[in-house]
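See below for the structure under consideration.
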Amino acid sequence: MSDLKIYNTLHRQKEVFTPLYPGHVGMYVCGPTVSGESHLGHARPYITFDVVYRYLKHLGYKVRYVRNITDAGHFEEEGRAAEDKIAKGALLEKLEPMELVQKYTNLYHWAMLQFNCLEPSIEPTATGHILEQIAMIQNIIDKGYAYEVNGSVYFDVKKYAEKYDYGMLSGRVLEDMLETTRELESQDEKHNKVDFALWKKAPPEHLMRWNSPWGEGFPGWHIECSAMSSKYLGHQFDIHGGGMDLQFPHHECEIAQSEIAHGELMARYWVHNNMITINGRKMGKAYNNTIKLTEIFAGTHPLLERPYSPMTIRFFVLQTHYRSTLDFSNEALQAAEKGLQRLWAAYEVLQKLTYESNGSAVNEELDKQVQQWCQECDEFMNDDLNTAKVLANLFELTPVINSLKGGQIKMHELSEATFQLLQRTWQTYLIGILGLQPESQVTDNSKLDGALQLLIEMRKEAKLRKDYATSDKIRNQLLTVGIQLKDEKDGSVSYSIV
RNA sequence: GGUACCGUGGCCGAGUGGCUAGGCAGAGGUCUGCAAAACCUUUUACAGCAGUUCGAAUCUGCUCGGUACCUCCA
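According to UniProt numbering, the first sequence is numbered sequentially starting from 1.
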């Protein structure tokens, strides 16, 4: 169906993508834990896999894209005293975990919308699949690969490793992990320090709790993804995605659980995006160096010189290959912002151009070059989704488009087919696959437009009188309220809202 | 300590053996009443050392520097 090659972490190499069922793709991406606000680091996987989703659809696949919401855990409102949680008598005064979950889920959805991320086909919640998780845990116990201690259930990694390859994804060696002894509290329940929890007994202060065959508790960290992906995508599916930091232990544990429960490798292609760094360090809660998305959009974080729009962030992310780290800085964001503006301007110009030829000869060299730049976009995407190169080619095409408008290149120098390819490429890539969208909501305000046309007319008359004081005043005053006039080569005047 | 990964010009970043990626910034020019935008031209690279090769940013080794993961962080 395509020549798409994608880097599979499982085998540490690029592999031709062939779906399990021809024409269909099942993709699971680890979603957010909705116990707090999303930060810039979170934005990367969602934008990355949004492009994967869009591209697979572009290739003609019918894709089921599942992205979970982790809403089961130990939730606390930031800054709220711990004793608050259960001590208060009245229900409404207590911390209600679902209230937090709802709040941050809404905020997350809002941010995804800002980034123009398509909605997943299914967005299952951990709390909505407790029964499935319990059933899966029981299944693993029945097969002898998990044991219960004091109301908690642990996966027996050592036993698993005797027969299966624990570490196949992360490249870890079990022996090494057993050797590197490090004292950890509360590991006394585990038979081995490498074992991981499938179910945890809920201590009294734990608010989220469910009944299970092992008493009141809550599911372990990894089990939800295994349970929910198999429910909606089958025991084996095509793509499993997430951040690189989830490779171990999260994804490794998912593989082990699923192998025992379902008897097969859960996903065939494991795709991991790299981190966003800030001053060279990973942006993460543990490092205390996060910038929340709301802070980015509003420019309220102390590290920000000014606000940056969602599309600037999206463009910034896509300008780098998804498996490279991406370093945040004001300079880099501002460069991205300007670059994107240039691309948009060219896109709008291209939209308005129409093909016409006076029968003169086509400039073969140029024509061929334009064709090549357009066609290469497919190759770049097929080569492990190289969005950076796609953008580079769009930038190569930008002066061609502007020159067609400015007259440095005559339309007849391109063949009609090439011109149409050019238009189609921009539409397909910029809008369709990279998912960028215009931001200056030109609200199609006919009243504003009418007023501006009047001002433009008055300025024109002033210029004819060589009354440049007046004409400049009109232009400068409009600029201060965010409307920029541009004198075009053909004598017309256009404006843009900045 | 274990396991991976990375080090590209002022900044951000593609690129894996020969063919100037690209963006932003800087410089010069064209256009313009002047601007803006646009167009044209253009400077600064491949952490260091050694090796393989006709040829290395790209392969190998070493050194230096940095990062990530190692049990609930995308």
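Backbone N, C-alpha and C define an ideal beta-carbon position, used for all residues, glycine too.
Where do the ends of the beta strand (DSSP E) carrying Phe328 lie? From DSSP, the beta strand (DSSP E) with Phe328 extends over Leu326 to Phe328.
Check this for me: beta carbons of Leu485 and Tyr495, under 8 Å apart or not? It is a contact, given that the beta carbons lie within the stated cut-off.
Can you tell me the Cα-Cα spacing of Met275 and Lys190, whole angstroms? Taking the Cα positions, Met275 is about 32 Å away from Lys190.
Ordered along the chain, which non-local residues of its own chain (more than five positions away) have a Cβ less than 6 Å from that of Val16? The beta carbon of Val16 is closer than 6 Å to those of Lys5 in its chain, skipping five residues each way along the sequence.
What's the C-alpha gap between Leu340 and Thr398? If you take the alpha carbons of Leu340 and Thr398, they lie about 11 Å apart.
How big is the Cα-Cα spacing for His39 and Gly167? Going by C-alpha positions, His39 is about 30 Å away from Gly167.
One or two residues paired with Arg67 in a DSSP bridge: Partner(s): Val29.
Taking 8 Å as the cut-off, does the segment 126-135 touch the segment 214-232 (at least 3 CB pairs, one atom from each stretch)? They touch, by the three-pair rule.
Buried or exposed: which applies to Asn273, given that a residue is buried once 16 or more other Cβ atoms fall within 10 Å of its Cβ? Burial call: buried.
So Val194 packs on Leu169, CB below 8 Å; how close in whole Å? In fact, because the Cβ distance is near 15 Å, the residues do not count as touching under 8 Å.
Looking at C-alpha atoms only, which residue of Gln138, Lys292 and Tyr322 is the closest neighbour of Ser258? Of the candidates Gln138, Lys292 and Tyr322, the residue whose Cα lies closest to the Cα of Ser258 is Gln138.
Of the listed residues Pro120, Leu95, Gly41 and Pro45, nearest to Ser57 (C-alpha basis): Here the sequence assigns Lys to residue 57, which means Ser is not the residue at that position. Residue Pro120 is the option with its Cα nearest to Lys57.
By the three-class DSSP mapping on this structure, what secondary structure does Leu198 have? Three-state DSSP puts Leu198 in a strand.
Here's the rule I'm using: 16 or more other beta-carbon atoms within 10 Å means buried, otherwise exposed. How should Ala135 be labelled? An exposed status is given to Ala135, since fewer than 16 other beta-carbon atoms sit within 10 Å of its beta-carbon.
To the nearest angstrom, how far is the alpha carbon of Val153 from that of Tyr160? Computed Cα separation, rounded: 15 Å.
From the DSSP output, in three-state form, read off Val349 for me. Of the three classes helix, strand and coil, the one that applies to Val349 here is helix, per DSSP.
Let me know the alpha helix (DSSP H) ranges lying completely inside the segment 297-385, each 4 residues or longer, listed in chain order. Fully enclosed alpha helix (DSSP H) runs of no fewer than 4 residues occupy 310-318, 330-352 and 364-382 of the segment 297-385, in order along the chain.
Check Pro203 in the structure and name its three-state DSSP category. It is coil, neither helix nor strand.
Spatially closest choice to Ile409 from Trp426, Ala388, Ile431 and Glu356, by CA coordinates: Nearest of Trp426, Ala388, Ile431 and Glu356 to Ile409, Cα basis: Glu356.
Backbone secondary structure at Pro219 - three-state DSSP: Correct three-state label for Pro219: strand.
For my contact list, Gln236 and Arg268 are in at a C-beta cut-off of 8 Å; report their separation, rounded to the angstrom. So it is a contact: roughly 7 Å between Cβ atoms.
Alpha carbons only, please: which of Ile278, Lys285 and Glu365 is nearest the one belonging to Leu333? The option with the nearest alpha carbon to Leu333 is Ile278.
With a threshold of 8 Å, are at least 3 pairs of Cβ atoms found where one atom belongs to the segment 405-424 and the other to the segment 358-378? Yes, since at least three Cβ pairs between the segment 405-424 and the segment 358-378 fall closer than 8 Å, the two stretches touch.
From Gly151, Tyr164 and Ser471, residue whose alpha carbon lies closest to that of Tyr145: Of the candidates Gly151, Tyr164 and Ser471, the one whose C-alpha sits nearest the C-alpha of Tyr145 is Tyr164.
DSSP three-state call for Leu485: helix, strand or coil? DSSP places Leu485 in strand when its eight states are reduced to three.
Around the Cβ of Asp238, are there at least 16 other Cβ atoms within 10 angstroms (buried) or fewer (exposed)? Per the 10 Å Cβ criterion, buried.
Is the number of C-beta pairs between the segment 196-216 and the segment 290-308 that are closer than 8 Å three or more? In short, these stretches do not touch, since the Cβ pair count stays below three.
In three-state terms, what does DSSP make of Gly79? Low local confidence applies: a pLDDT of 48 at Gly79 is under 50, so the model's placement there is unreliable, and no value is given.
Is the beta carbon of Val63 closer than 8 Å to that of Pro45? Between Pro45 and Val63, the CB-CB gap reaches or exceeds 8 Å.
Residue of Glu488, Asp490 and Gln453 minimising C-alpha distance to Ile474: The residue with the shortest Cα to Cα distance from Ile474 is Gln453.
What's the gap between the Cα of Trp344 and the Cα of Pro438? Separation of Trp344 and Pro438 (C-alpha to C-alpha, rounded to the nearest whole angstrom) is 7 Å.
Among Phe315, Lys460, Pro307 and Trp270, the one whose alpha carbon lies nearest that of Ile47: Comparing Cα positions, the closest option is Phe315.
Leaving aside the five residues before and after Trp373 along the sequence, list all residues of the same chain whose C-beta is less than 6 Å from its C-beta, in chain order. Cβ-Cβ distances below 6 Å link Trp373 to Asn393, Glu396 and Leu397 in the same chain, with the five nearest sequence neighbours on each side left out; the list follows chain order.
Endpoints, the beta strand (DSSP E) within which Thr277 is located: Ile276 to Ile278 is the span of the beta strand (DSSP E), which, as asked, contains Thr277.
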